[in-house]
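The structure under discussion appears below in the form of structure tokens.
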Amino acid sequence: MNTMTKQPASAKKVATFVASAIVLAVLPFIVGGTFGNSWVRTLDFALLYVMLALGLNIVVGFAGLLDLGFIAFYAVGAYTFGLLASPHFSLDMPFWITLPLGALFAAMFGVMLGTPVLKLKGDYLAIVTLGFGEIIRIFLNNLNAPVNLTNGPQGINLITPIEVAGFSFGKPHEFFGITFNGVYMYYYLFLALTVLVVIMAWRLQHSRIGRAWVAMREDDIAAAAMGINIRNIKLLAFALGALSGGVAGGLFASFQGFISPESFGLLESIMILAMVVLGGMGNIPGVILGAVVLTVVPEVLRDVIGPLQMATFGKMIIDPENARMLLFGLALVVMMLVRPEGMLPSKRRKAEFEDAKEGV
Amino acid sequence: MDIFIQQILNGLVLGSIYALIALGYTMVYGIMGLINFAHGEVVMVGGMVTVSVVSALMAAGLGLPPLALILIGLMVAVAACMLLGFTIERVAYRPLRKAQRLAPLITAIGVSIVLQQLAILVWGRNYIPFPPILDHDVIQIFGASITRLQMVIIVLCLAIMGGLLLVVEKTKLGRAMRATSQNPAVAGLMGVNVNTIISATFVIGSALGAIAGLMVATNYEQVHYYMGFMIGLKAFTAAVLGGIGNLAGAVAGGILLGIIESLGAGYIGDLTGGFLGSHYQDIFAFAVLIVVLIFRPSGLLGEKMADRA
Amino acid sequence: MAEVLLKIDGIVKRFGGLVALSEVGLTINKGEIYGLIGPNGAGKTTLFNVLTGLYMPDEGSFTFNGQNLFRAKPHVVVGAGIARTFQNIRLFKEMTALENVMVGRHIRSKAGALGAVLRDPRTMAEERAIRDKAMELLAYVGITEVAHEFAKNLSYGHQRRLEIARALATEPKLLALDEPAAGMNPRETEELKALMEKIRASGVTVLLIEHDVKLMMGLCDRIAVLDYGKKIAEGVPEVVRRDPKVIEAYLGVAHE
Ligand SMILES: Nc1ncnc2c1ncn2[C@@H]1O[C@H](COP(=O)(O)OP(=O)(O)O)[C@@H](O)[C@H]1O
Ligand SMILES: [Mg+2]
């Protein structure tokens, strides 16, 4: 519990830390070497989703505000990056401008969304945030006329890859005589930023601000009566959650080189929420696990279903894409039925869950 | 002026369908405080089954008149959806009744995905046209036109909604439903079988959903595995708009939303000097919702929930 | 002449048609224990909610320590120096006792999101101070041994004490307690009384709602009586006790 006072790191802790650092460092080579580069790409996406899920977790898990439109902030980050660093407006701004700017805009959107919904509770908040997310998507889809801002459904192409001091993450590079594909470069970049987001989320959780969030989540009236400025603390949650979403969005834009409104639909928002809930709302390791599982499992299914059918039946019985989503939906239901509190619930949430079971 | 009346009529058609679906959301919410995200998919299944049954009957060459075809199709769809609603509740929601609030939301989303994918398996990914038996006779009202079919949709929706209100207000079942939504524990103590009531609520809501599915299918003359998604979302929005948990609110919210949407789509071009076009139609639902909730955080007809400190 | 700490005048609070408070005025002096009594439903808790910013009064005036607090937000009221407990205990159940009290330090500390993330020396020092102060308050109300228990697992008496510690953490000038002895046995009540006297001795003014007339008479410097949202009497306990209007109010309605 005593997280803010420095404790001498035990040998065991150091060992775990070093071990996980090594595993994370060599992971893309193991994965890429065994399964091919497309799986390194999946790892990259897993990291993006970890950032997104951790951002949403600040809003839903820490502050208890149900947000069904979280993907809007990802979109804001992605379009900021895309518009400022692509041929669409013939701009080519460096990432150290576009990425923070995208994060900043996303945070501003977070506050803009948060302000009118301050008084809304629970499901009302959920549906309004959902509506807000849809509105953003519809605008992205249609703001190609009369002035072409977003290029509509075609989206934005040829977005500049991130480049540091002439070193482009988008191109293959040679080190020690081995050529590394861009997906490897991005892996380390994303990993670094993910670590930053994890640290941010962790430190927020164990701070004066984090306590205020929990207090508000548990009883906003008592929290107000203890001197917490509910409005500010709510807006802070929206802004900080959106900030992580915006960073992930910018990274996504540069990584893909292409963005379109299709990537920012309700289903994506729901997916991120599912990662948070399935992993263990409010618990950072749980949320990370949820994001990784829900990114990797559908990809595994994609790879496995086709060949498996061919092997067993000699022909395709079900369209693999169809089977993949079907299994995914079933998995959501079954996992929730088996572990409604998530895979790795926080101690606090577990207690809340037990309360609910005892109560009527 | 003609455009105005025309858009009001279009809005009424759309709005009655929203209202019918919104009732399904609001009944379930009123009783268990749960957003039944899968309700839109029940509507989709209703539409799909009707179209399949009608097509099959036509293929069988029995020479049945169109009305009979549709009625039989509807009956099968209603039965199928009632069973579906019953099953969804039993499998995906009942075990989670005492779990954290978000758990059933996630299973609801899971069920939604499963139903869509099953629909793809059965009916494929393409739009399926409604069999060519629909009557396209047009009636003129105040210079605006409406098909007879659309008139039927409006009248039927209103009748069904009236019937439902009667059931809830006047019958023993309705009383038990109201008691359960007030306080399930107390209702249980008073001898109400809460499980039965919840099942009944899902079954009734799903039957309404099936009828709505048919209406969507006839109105757009096509069905599609994804058709339940947007309309379900809008209908849920309508339920929230009216004050979720409140039946009259769902009806009012649905009709209001339909009218606002079609007026908005009709006039947005003029209002914005051509800057925004009618493809922004979908924005109205959400924009109106946000504005209403800001001023009335519990919806138009919802009870004001004063915080008791 | 005693120094005035809190002064309200003509406070009206309506709920729809119900007038829960009708032109209530009272003055609380620095350093006293001020009692508020009245039959159930008289409006005592409503008055607390008005005084702590949870309900917006419809009319009247409200000054505290020279500051105008009429229709002020709860956190402003707490900042000005009024803290409270709730009639139906409202602890943060899923937080430990220590964390509950630490939340009470929120208004007296500053670290924002940036400090939380950067963990600069100042933030770290503040966080240590929050924790130390919270531990100190747990000791002050006598529940150090349950510091790391979830609040919901504490005994009833401990929960009441924890709520007082949490309120004290905001460094109030006025501590408002809504029926703190409700549900306590005579021994616990006696201990609570000692605690309240200790708090007063430390310089904090106390506003107290209680039904236990004997307790109130022995503890309070002055008492006000509410009935149907109106103040019907105010003064030192012996006088109030003999006031015919008070006797009628208590005899006229069924006692709880
Ligand atoms: N939020 C509220 N909405 C409506 N009526 C309320 C509310 N809070 C209190 N009341 C009413 O105000 C009156 C006074 O209640 P209260 O202040 O709790 O009395 P007391 O604390 O003296 O027992 C009661 O009639 C109560 O029902
Ligand atoms: Mg009271």
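Chains as they are written, first to last, in my numbering: chain A, 1239 to 1598; chain B, 442 to 750; chain C, 3 to 258.
C-beta atoms are modelled at their ideal positions from N, C-alpha and C, and glycine is treated no differently.
*State the start and end residues of the unbroken alpha helix (DSSP H) segment that holds Val-1261/A.*
Translated into positions along the first sequence, residue 1261/A becomes position 23. Unbroken alpha helix (DSSP H) run through Val-1261/A: 1249-1273.
_Here's a check: name, in chain order, each residue in its chain whose Cβ is nearer than 7 Å to the Cβ of Ile-672/B, leaving out the five neighbours to either side._
The residue you call residue 672/B lines up with position 231 of the second sequence. Once the five neighbours on either side are set aside, the close Cβ partners of Ile-672/B are Ile-462, Gly-481, Val-484, Val-657.
*Could you tell me whether any non-hydrogen atom of ligand 1 is closer than 7 Å to the CB of Phe-66/C?*
In the third sequence, residue 66/C corresponds to position 64, counting from 1. Incorrect: Phe-66/C has no Cβ contact closer than 7 Å to ligand 1.
_Report the CB separation of Ile-1556/A from Leu-562/B in whole angstroms; it is logged as a contact under 8 Å._
Here the question's residue 1556/A lines up with position 318 in the first sequence. Here the question's residue 562/B lines up with position 121 in the second sequence. Right, their Cβ atoms sit about 7 Å apart.
*Are the stretch 1492-1499 of chain A and the stretch 136-147 of chain C in contact at 8 Å, needing three or more beta carbon pairs?*
The stretch 1492-1499 of chain A is not in contact with the stretch 136-147 of chain C.
*Which residues share a DSSP beta bridge with Ala-226/C?*
Sequence index remark: in the third sequence, residue 226/C carries index 224 (1-based). DSSP lists Leu-38/C, Glu-236/C as partners of Ala-226/C.
_Chain-order list of residues whose beta-carbon lies under 7 Å from that of Ala-169/C (same chain, five-residue window excluded)_ = As a position in the third sequence, residue 169/C is number 167, starting the count at 1. Same-chain partners within the cutoff: Ala-85, Arg-86, Thr-87, Gly-106, Leu-177.
*Limits of the beta strand (DSSP E) - the one that Lys-2/C falls within*: The structure shown does not extend to residue 2/C, since chain C is modelled only from 3 through 258, so no value can be given for it.
*At 4 residues or longer, and completely inside the stretch 176-216 of chain C: list those alpha helix (DSSP H) runs for me, N to C.*
188-203
*Gly-1599/A and Met-1519/A look like a contact to me (Cβ under 8 Å); what is the Cβ gap, rounded to whole Å?*
This structure leaves residue 1599/A out entirely; chain A is present only between 1239 and 1598.
_Per-residue burial, Asn-1240/A [other beta carbons within 10 Å of its own, 16 or more giving buried]_ = Within the first sequence, numbered from 1, the residue matching residue 1240/A stands at position 2. Any reading at Asn-1240/A needs caution, since the residue's pLDDT is 47, under 50, leaving its predicted position unreliable; the model's value is listed next. Asn-1240/A should be labelled exposed.
*Would you check if the distance between the CB atom of Val-490/B and the CB atom of Ala-518/B is smaller than 8 Å?*
Mapped onto the second sequence, residue 490/B falls at position 49. Mapped onto the second sequence, residue 518/B falls at position 77. Contact: yes.
*Between Asp-223/C and ligand 2, is the CB less than 7 Å from at least one heavy atom?*
Along the third sequence, read from residue 1 onward, the residue named residue 223/C stands at position 221. Between ligand 2 and the CB of Asp-223/C, the shortest heavy atom gap is not smaller than 7 Å.
*Answer yes or no: does any C-beta atom of chain A fall closer than 8 Å to that of Leu-742/B?*
Residue mapping note: residue 742/B aligns to position 301 of the second sequence, counting from 1. Under the Cβ criterion of 8 Å, Leu-742/B is not counted among the residues facing chain A.
*Cβ atoms of Gly-551/B and Met-1574/A: under 8 Å apart, would you say?*
To locate residue 1574/A, count along the first sequence from 1; it is residue 336. To locate residue 551/B, count along the second sequence from 1; it is residue 110. In this structure, Gly-551/B lies closer than 8 Å to Met-1574/A by Cβ.
_Ala-747/B at chain A interface by Cβ criterion, 8 Å_ = Translated into the one-based positions of the second sequence, residue 747/B becomes position 306. Because the pLDDT at Ala-747/B is just 49, under 50, the model does not fix this residue reliably, and the value given afterwards should be weighed accordingly. Taking Cβ atoms only, chain A never reaches closer than 8 Å to Ala-747/B, which makes this a no.
*Which residues in the same chain have their Cβ closer than 8 Å to the Cβ of Thr-588/B, if we skip the five residues on either side of it in sequence?*
Looking up residue 588/B in the second sequence gives position 147. Within the same chain, Thr-588/B has close Cβ partners Asp-576, His-577, Asp-578, Val-579, Ile-580.
*asked:* Using the Cβ count rule (16 or more neighbours within 10 Å means buried), how would you classify Arg-1279/A?
replied: Taking the first residue of the first sequence as position 1, residue 1279/A is located at position 41. Arg-1279/A comes out buried.
*When the cut-off is 8 Å and only beta carbons count, does Leu-1473/A lie next to chain C?*
The residue labelled residue 1473/A in the question sits at position 235 within the first sequence. For Leu-1473/A, the answer is no, since every Cβ of chain C falls outside 8 Å of its Cβ.
_Helix, strand or coil at Pro-76/C according to DSSP, with G and I counted as helix_ = On the third sequence, residue 76/C is found 74 positions in, with the first residue counted as 1. Helix.
_contact_flag[the stretch 1282-1290 of chain A, the stretch 1427-1441 of chain A] where n(CB pairs < 8 Å) is 3 or more_ = yes
*Around the C-beta of Asn-70/C, are 16 or more other C-beta atoms found within 10 angstroms, so that it is buried, or is it exposed?*
Taking the third sequence and counting its residues from 1, the one referred to as residue 70/C is at position 68. Flag for Asn-70/C reads exposed.
_Contacts of Ile-109/C in chain A (Cβ-Cβ under 8 Å)_ = Within the third sequence, residue 109/C is the residue found at index 107, counting from 1. Contact annotation for Ile-109/C against chain A: Met-1464, Gly-1465, Ile-1466 [CB-CB distance below 8 Å, chain order].
*Report whether the distance from the Cβ of Ala-44/C to the nearest heavy atom of ligand 1 is below 7 Å.*
On the third sequence, position 42 is the one that residue 44/C refers to. Indeed, a heavy atom of ligand 1 lies less than 7 Å from the Cβ.
*Can you tell me the Cα-Cα spacing of Glu-1537/A and Glu-96/C, whole angstroms?*
Locating residue 1537/A in the first sequence gives position 299, counting from the first residue. Locating residue 96/C in the third sequence gives position 94, counting from the first residue. Going by the C-alpha atoms only, they are around 37 Å apart.
*Quick one: list the residues of chain A neighbouring Gly-551/B, beta-carbon separation under 9 Å, in chain order.*
For the purposes of this step, residue 551/B is taken as the residue at position 110 of the second sequence. The answer, in chain order, is Ala-1512, Phe-1566, Gly-1567, Leu-1568, Ala-1569, Leu-1570, Val-1571, Val-1572, Met-1573, Met-1574.
_Near-chain A residues of the stretch 679-691 of chain B (beta-carbon distance less than 8 Å), N- to C-terminal order_ = Result list: Val-681, Ile-685.
_ligand 1 heavy atom lying under 7 Å from the CB of Ala-235/C_ = Translated into positions along the third sequence, residue 235/C becomes position 233. Not under cutoff, so the answer is no.
*Output the boundary residues of the beta strand (DSSP E) element that contains Ala-585/B.*
The residue labelled residue 585/B in the question sits at position 144 within the second sequence. Ala-585/B -> beta strand (DSSP E) spans 585-588.
_Between Asp-1305/A and Leu-1294/A, how many whole angstroms is the CB-CB distance? I'm expecting something under 8 Å._
For the purposes of this step, residue 1305/A is identified with residue 67 of the first sequence, where counting begins at 1. For the purposes of this step, residue 1294/A is identified with residue 56 of the first sequence, where counting begins at 1. Rounded, the Cβ-Cβ distance is 7 Å, consistent with contact.
*Nearest-angstrom Cα distance between Glu-101/C and Lys-1409/A?*
Within the third sequence, the letter at position 99 stands for residue 101/C. Within the first sequence, the letter at position 171 stands for residue 1409/A. If you draw a straight line from the Cα of Glu-101/C to the Cα of Lys-1409/A, it is about 50 Å long.
*Considering only residues of the same chain and omitting the five flanking positions on each side of Val-802/B, which have a CB-CB separation below 8 Å?*
Any question about residue 802/B goes unanswered here, given that chain B covers just 442 to 750.
*Against chain A: residues of the stretch 180-198 of chain C by CB proximity under 8 Å*: So nothing in the stretch comes that close.
*Any C-beta of chain B under 8 Å from that of Asn-1380/A*: Sequence index remark: in the first sequence, residue 1380/A carries index 142 (1-based). It does; some Cβ of chain B falls within 8 Å.
*Phe-152/C by DSSP, collapsed to three states: which one?*
Start at 1 with the first residue of the third sequence, and residue 152/C comes out as number 150. DSSP places Phe-152/C in strand when its eight states are reduced to three.
*Could you have a look at Gly-1597/A and say whether DSSP puts it in helix, strand or coil?*
Locating residue 1597/A in the first sequence gives position 359, counting from the first residue. With a pLDDT of only 45 at Gly-1597/A, under 50, the local geometry of the prediction cannot be trusted, and no value is derived from it.
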